[in-house]
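Visitor: Below you will find the structure I want to go over with you.
In C-alpha cells:
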C-alpha cells in the first residue's frame, strides 16, 4: 500500500516538492538556530578557557543578583591581593582590570560602531596569568603604551608604533601601540576590540584607582586548585567569589551564553510560526490529493484494502515526506545559520563565528519535529480517506462522504476562537511573570488561529465578493471566473488563505504594536522633556562618563543641566530587579516634568538619602504604597531602606520604577556615570546650532556619546523600534513565503482539477493571456482573503496584548497607511504566487484537455 | 450543391508519433464544406474523423496540407490568431463537458462574447434561448440541468456569435435518443432558418441522416462524399465501407 502512495508522490512532483518545502523551511530555521547558537557557545567556551589559562584560582566580585542589564559588579579593594598572597599554598597572585572602554578607529569612531562588538580595556598581567601571546612587540610598560589584539590590529591596519586613542570613564587619550597580541591560537575575542594597558593606567582610566576587577592565583606545586579555593575564600570577605580557573572560565562562558538564550528562544518561536503555517499547507495539500485520489483509493478498497491500510498508506506518505523534508531542512540549516548571523550583524549584533557546530540534539529535534508536524497535519485528511467506500467512489465525480465533524466545523471554530481569546486574556491578566504569562498567550494565539481558520470558510464568499467585484467590472469574464473559482470550495480557499492569515496577523500585529510604542515614546517625550538638548550614549543603553556631560555644559547657549543615572536593585519581598534611576531633585524640574500620580515637584525637593519615589505601576503591582518603606540590596552589596514619598506615571520607562537622588545612587549603588544628561537652552539659542557645537566637543573626547535636540532625541529613542520591527519582518517573511507556496500548491492542484474547463475555455476562444488572468486573480483573491483576515486578527492581537501596558503610558496607534501597504503587498504576493500556475494553465494542450476518457 | 465552400481542406496529413510507431490519422484528405449546409463526418472509431474536425477547427495542426476557412489559411496563423479565429468564427459543441460549472446557463451561452469583451445582442439572445427551450432555466447552473438541457445550452452558445461554422463533435453521444433528437433538430433548424454552416462528427448513422451531406472517412482517407438520404441508407453505406 505504501508503495502505491510513494509512486503517487513521485508522480505529483511539484505538489510533493511544494508541500515539503514548507517543512524544509521550518526545519531549516530550527536547525539553523541551534547550529548558530551552538557555534557561538563553543566559541565562547574556547575564548574563556583561553583567557583563564594559567589561572588556578580566580577571585571576582560577587554578583548579588542577576539584573536585566549585564552591568559588571563593582570592583573590590586592591588590598585583597596582599591578603591572598598570605594564604598558604598560593605561589603567586596578581590583580587585574577588565572593563568596558572605547577604542577609536582611524576615523575617530568607536570600533565596530555604537551597537557593534564591545571594546574592552584590560590590564596587562604577569606570567603565568598572561593570556596574551605577542606576535609583534611586547606588553605595555609605560602609561602611554598599549597593546592591541591581533584581530583588531589587522582590521584597522595598526602595527607597533601606531597611535590609537582609547577612552575609559574619561575622555579618549592617545596611546602608542607597542605590541600586537593573540589569545593562544585565537586572533581575538569574538570580534571584540581589546586595548591592554599597564595595571596602573587601566585602573586610572576606568576610574578604579586602588581597586580590582579580579585576582588571578597560581597554586604552589602539589596544591590542587580545588583545595586552594576554600582557603582563599576564608581569607577574603564574602563580597567576592572564589572559583578555580576552570570553573571561572565555564562561569564566564555560561554568563555570556545566557545573554544569547533569548535569541535562541526568539528564533525558535519564528521557526514554530513557519512550521505552524506549513502545517496548514500540508493539511490542505493532503486534503486535495485525497479528494483527487478518491477513485484510486476506492478501487484499492474494492480489491480488498482495509481502512487501516488506506490510513497507513496516507500516513506513510506523510512520514516519508516529513522525514525527507526534515533531512533537507537540516542541511539547509547549516547555510541558514550563516544567514542568521548576517541578519544579526545587520541589526547591530556581531556574533562570533567559527566552523558550524552540529550537535546530535540539533539533528534529533529537527527530524522529529519536522516529521511530527507533517504527520499531525495529514492526520485529518488521512482519516477522511478511510471513509471512502469501495465501488461507490469509483463512479465519475464521486465525492468523499462528509465527516460528522464537517457539519459542526463552524460552531466548533467559533468555540475554539473564543477559547483562544479567553486563554490570551488569562495570560495577560495574571499577576505573575514568566511562563504563567507566555504559555497561555502562546496557546491562546494558536487556538485563535485554528479557530479563525475553521470559521473563515464562512467568510470566503463575502470577502471574495468584496475584492472580486472590482476585478470583475474591470476584467469581465476572467474576473468573474476567478471569483467563482475562489469560492467554489470555500473550505479549501479558507485553509489556503489561513496560512497567509497567520503571517499577516503577526506582521500587522507587530506593526501596530511598534507604531503604538513610537507614539507613546513621542508623546512621553513631548509631555515630559523640557530640555532642548540631550546627551546619551550612541548605543542607547550604556552610560557615559560624567565628564562628557560636563563638557557639554560649557557649550555656548546651553543653560541648566540635569543628569539621570541608572542602576538596579533587589527589593526585599518583591519579585524582579527594578531599574533605579538617580536624579538631581534641584535641577530636574527645569528639564523634565514628572507625570505625578501622588505628589508634585515639591515632593521632589523633599527627596533625600532616606526616601524614594516609585512608579505607579510598580507601586500597584508590588503593593508598595506611599508612606511604606522598601528595603533594597544594590549590585554593590549595599543595603538601604527608603520611604516612598510619591508616585509617578512611568511613561515608557523613561525613568526606572524607583527614583532616588544621584547622591543616594552614588552612596548606595556606587553608580556615578550618567545615563542621560538633559540641558535647557538659553533664550534665543538655536537648538541645531547648539547641538552642532556640543557634537563637536563630544566627538573630540567622547566619541561614544552623542548630543541631540529634543526632536532628534525622539528619533533616536524610537530608532530601535524600527530595527526590531525590521528584524521581526525578516523572520516573519519566512512564514509568509511558506504560505505563498501554499497558494501556489492549491492553484496547481485546482488547475489540474479544472483541466477540462480550461480546455473548453481555450477551445471557445479564450486567449492564453485571459486564462493566466483567471488564475492570477484567483490567487490575488485568495491572498487578500488571508491578508484581510490576518490584518483583522493583527489589530485584535495588538489591542489585546497592549491592554496591560496602558498603565505605563502605552497609546494605541493604527498605522493605516502601512496596513494598506501590507494589503497591497499581499495582493502582489498573490500575483507572484500565480506566476507558475498561470503559466501551466495557459500552456495546457487544448486537445488533451478535451479528450474523452 | 453549388453553394460556395466556407471550409476547404487540401491533402491533409496528420501523423502521430515517429518511426515505426508512427500512425497516420489523416492520410491525404481533400474535402470541402459548402456554406450554409449541414455536413456530417462519419466513420468508424479510429477513422480520423475527430482529428479532421480538430484540424478544421484550428484546435490541432496538420503535418501536411492546408485548411482555408472563410478565405483564411489556417497554417499561417499563430496560437493567438487561431484563438481569436475560434472565438470569432467558430462555434463548438462537444460530447462531454461543454459548460463551466460555475456559470449559469445564460452566462455559459454568452461566454464567447464575454471572452471577446462584447455584449450580446439582447433580442438575438432571447430568441436563441427561447429556440432551445431554456427560457425558464436561464439562471440555473449546469449541475441543476439535465444532460439534454446542458447540451442545448451548448448549442445556443455555439450559435450566439453567428459563427462562420459550428463544429459539433458527437453532440448526441452522451444523450438518450429523445434528448439527442432535440439537439439534432436544433442544428437542423440552425442550418435551415439561419443559414448556419454546421459540421458534425458522428459515428451514429441516425444522427448523420439529418445532415444535408455526408463525408465518410476510413483509415484517414475520404472514401465517400454523398448527399444524405434516409437513415437506413446511411446504415447501408456504413456497412459497405466497413
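Protein chains in written order, with the numbering used here: chain A, 296 to 1148; chain B, 32 to 273. Beta carbons are placed, not taken as given, at the ideal position from N, Cα and C, and that holds for glycine.
#1: Would you call residue 970 of chain A buried or exposed, if buried means 16 or more other Cβ atoms sit within 10 Å of its Cβ?
#2: Using only alpha-carbon positions, find the residue among A/737, A/785, A/743 that is nearest to residue 757 of chain A.
#3: Given a cut-off of 7 Å on the beta-carbon distance, is the pair residue 835 of chain A and residue 977 of chain A in contact?
#4: Report all residues from its chain with a CB closer than 6 Å to the CB of residue 562 of chain A; omit the five preceding and five following residues, and keep chain order.
#5: Between residue 510 of chain A and residue 379 of chain A, which are expected to be in contact by the criterion C-beta below 8 Å, what is the C-beta distance as a whole number of angstroms?
#6: Exposed or buried, residue 872 of chain A, counting other C-beta atoms within 10 Å across all chains shown (16 or more means buried)?
#7: What residue range does the alpha helix (DSSP H) around residue 375 of chain A cover?
#8: Closer than 7 Å, CB to CB, is residue 163 of chain B near chain A or not?
#9: Can you tell me which of the three DSSP states residue 608 of chain A falls into?
#10: Quick one: complete alpha helix (DSSP H) runs, 4+ long, within the segment 1054-1119 of chain A?
#11: Inspect the beta-carbon positions of residue 1041 of chain A and residue 657 of chain A and report whether they are closer than 7 Å.
#12: How long is the line joining the alpha carbons of residue 476 of chain A and residue 393 of chain A, rounded to whole angstroms?
#13: Rounded to whole angstroms, what is the Cα-Cα separation between residue 768 of chain A and residue 145 of chain B?
#14: Tell me whether residue 1138 of chain A is buried or exposed, calling it buried when 16 or more other Cβ atoms sit within 10 Å of its Cβ.
#15: Label residue 952 of chain A either buried or exposed according to how many other C-beta atoms from any shown protein chain fall within 10 Å of its C-beta, with 16 as the threshold for buried.
#16: Whose Cβ in chain A lies nearer than 8 Å to the Cβ of residue 115 of chain B?
#17: Quick check: the segment 59-79 of chain B against the segment 239-255 of chain B, are there 3 or more CB pairs under 8 Å?
#18: Just the chain A side, please: which residues come within less than 9 Å of residue 143 of chain B by C-beta, in chain order?
#19: Using only CA atoms, which one of B/40, B/202, B/143 lies nearest to residue 102 of chain B?
#20: Quick one: what does DSSP say residue 430 of chain A is sitting in, helix, strand or coil?
#21: So residue 527 of chain A and residue 660 of chain A are in contact, right, with Cβ under 8 Å, and what is the actual spacing, rounded?
#22: Which residue marks the beginning of the beta strand (DSSP E) containing residue 860 of chain A, and which one marks its end?
#23: Taking CB distances under 7 Å as the criterion, tell me whether residue 771 of chain A reaches chain B.
#24: Counting only Cβ-Cβ distances shorter than 7 Å, please list the residues of the segment 1030-1052 of chain A near chain B, keeping chain order.
#25: Quick check on this structure: which residue in A/464, A/508, A/497, A/473 has the alpha carbon closest to the alpha carbon of residue 931 of chain A?
#26: Take the Cβ of residue 353 of chain A as the centre, count every other Cβ of all protein chains shown within 10 Å, and call the residue buried at 16 or more, exposed below.
#27: Would you mind working out which of A/340, A/434, A/595 sits nearest residue 247 of chain A, comparing C-alpha positions?
#28: Look at the Cβ atom of residue 531 of chain A, then the Cβ atom of residue 928 of chain A, and state whether they are nearer than 7 Å.
#29: Using a beta-carbon distance cut-off of less than 7 Å, what residues from the segment 81-96 of chain B approach chain A?
#30: Let me check one thing: in DSSP terms, what residues is residue 832 of chain A bridge-paired to?
#31: Have a look at residue 497 of chain A and residue 471 of chain A and give me their C-alpha separation to the nearest angstrom.
#32: So who's on the other strand from residue 372 of chain A, going by DSSP bridges?
#33: CB residue 717 of chain A to CB residue 751 of chain A, shorter than 7 Å?
#34: Of all the residues that make up the segment 745-777 of chain A, which are near chain B by a beta-carbon distance shorter than 7 Å?
#35: Using the rule of at least 16 other Cβ atoms within 10 Å of the residue's Cβ for burial, across every protein chain shown, is residue 138 of chain B buried or exposed?
#36: Is there a Cβ from chain A that is less than 7 Å from the Cβ of residue 211 of chain B?
Guide: The relevant details are as follows:
#1: In the first chain, the residue the question calls residue 970 of chain A occupies position 675. Counting Cβ neighbours within 10 Å, residue 970 of chain A comes out buried, since at least 16 surround it.
#2: Here residue 757 of chain A refers to the residue found at position 462 of the first chain. Cα-wise, what sits closest to residue 757 of chain A is A/785.
#3: The residue given as residue 835 of chain A occupies position 540 in the first chain. The residue given as residue 977 of chain A occupies position 682 in the first chain. The answer is no: Cβ separation not under 7 Å.
#4: Here residue 562 of chain A refers to the residue found at position 267 when the first chain is read from its first residue. Cβ within range, chain order: 328.
#5: Counting from 1 along the first chain, the entry for residue 510 of chain A is found at position 215. Counting from 1 along the first chain, the entry for residue 379 of chain A is found at position 84. So it is a contact: roughly 6 Å between Cβ atoms.
#6: As a first step, residue 872 of chain A is located in the first chain; it is residue number 577 there, counting from the start. Per the 10 Å Cβ criterion, buried.
#7: Taking the first chain and counting its residues from 1, one reaches residue 375 of chain A at position 80. Per DSSP, residue 375 of chain A belongs to the alpha helix (DSSP H) from 375-381.
#8: Residue 163 of chain B sits at position 132 when you count from the first residue of the second chain. Taking Cβ atoms only, chain A never reaches closer than 7 Å to residue 163 of chain B, which makes this a no.
#9: For the purposes of this step, residue 608 of chain A is identified with residue 313 of the first chain, where counting begins at 1. If DSSP states are grouped into helix, strand and coil, residue 608 of chain A belongs with the helices.
#10: 1063-1097
#11: To locate residue 1041 of chain A, count along the first chain from 1; it is residue 746. To locate residue 657 of chain A, count along the first chain from 1; it is residue 362. The answer is no: Cβ separation not under 7 Å.
#12: Residue numbering aside, residue 476 of chain A sits at position 181 when the first chain is read from its first letter. Residue numbering aside, residue 393 of chain A sits at position 98 when the first chain is read from its first letter. Cα to Cα, the separation comes out at about 16 Å.
#13: For this step, residue 768 of chain A is matched to residue 473 along the first chain. For this step, residue 145 of chain B is matched to residue 114 along the second chain. Each residue's alpha carbon lies about 12 Å from the other.
#14: Position 843 of the first chain holds residue 1138 of chain A. By the 10 Å Cβ count, residue 1138 of chain A comes out exposed.
#15: Sequence index remark: in the first chain, residue 952 of chain A carries index 657 (1-based). Buried: at least 16 other Cβ atoms inside 10 Å.
#16: Locating residue 115 of chain B in the second chain gives position 84, where the first residue counts as 1. Simply 1060, 1062.
#17: yes
#18: On the second chain, residue 143 of chain B is found 112 positions in, with the first residue counted as 1. Near residue 143 of chain B (Cβ distances below 9 Å), the residues of chain A are 1059, 1060, 1061.
#19: As a position in the second chain, residue 102 of chain B is number 71, starting the count at 1. Checked all of B/40, B/202, B/143; the closest Cα to residue 102 of chain B is B/40.
#20: Against the first chain, residue 430 of chain A aligns to sequence position 135. Residue 430 of chain A: strand per DSSP, three-state reduction.
#21: As a first step, residue 527 of chain A must be located in the first chain, where it is residue number 232. As a first step, residue 660 of chain A must be located in the first chain, where it is residue number 365. Wrong, their Cβ atoms sit about 42 Å apart, outside the cutoff.
#22: Residue mapping note: residue 860 of chain A aligns to position 565 of the first chain, counting from 1. Unbroken beta strand (DSSP E) run through residue 860 of chain A: 853-866.
#23: In the first chain, counting from the first residue as 1, residue 771 of chain A sits at position 476. For residue 771 of chain A, the answer is yes, since a Cβ of chain B falls inside 7 Å of its Cβ.
#24: 1051, 1052
#25: Residue mapping note: residue 931 of chain A aligns to position 636 of the first chain, counting from 1. For residue 931 of chain A, the nearest C-alpha among the options comes from A/508.
#26: Within the first chain, numbered from 1, the residue matching residue 353 of chain A stands at position 58. Residue 353 of chain A is buried by the Cβ-count criterion.
#27: Only positions 296 to 1148 of chain A appear in the structure, and residue 247 of chain A is not among them; the question remains open.
#28: Working through the first chain from its first residue, we reach residue 531 of chain A at position 236. Working through the first chain from its first residue, we reach residue 928 of chain A at position 633. Against a cut-off of 7 Å, the Cβ pair of residue 928 of chain A and residue 531 of chain A comes out as no contact.
#29: 85, 90, 91
#30: In the first chain, the residue the question calls residue 832 of chain A occupies position 537. BP columns for residue 832 of chain A point to A/1000.
#31: The count along the first chain starts at 1 and reaches residue 497 of chain A at position 202. The count along the first chain starts at 1 and reaches residue 471 of chain A at position 176. Their Cα atoms are separated by approximately 15 Å.
#32: Along the first chain, one-based indexing puts residue 372 of chain A at 77. In DSSP, residue 372 of chain A forms a bridge with A/506.
#33: On the first chain, residue 717 of chain A is found 422 positions in, with the first residue counted as 1. On the first chain, residue 751 of chain A is found 456 positions in, with the first residue counted as 1. Cβ atoms of residue 717 of chain A and residue 751 of chain A: not closer than 7 Å.
#34: 771, 772, 776
#35: In the second chain, counting from the first residue as 1, residue 138 of chain B sits at position 107. Answer is buried; the Cβ neighbour count reaches 16.
#36: Reading the second chain from its first residue, position 180 is the one you call residue 211 of chain B. So no, residue 211 of chain B is outside the interface.
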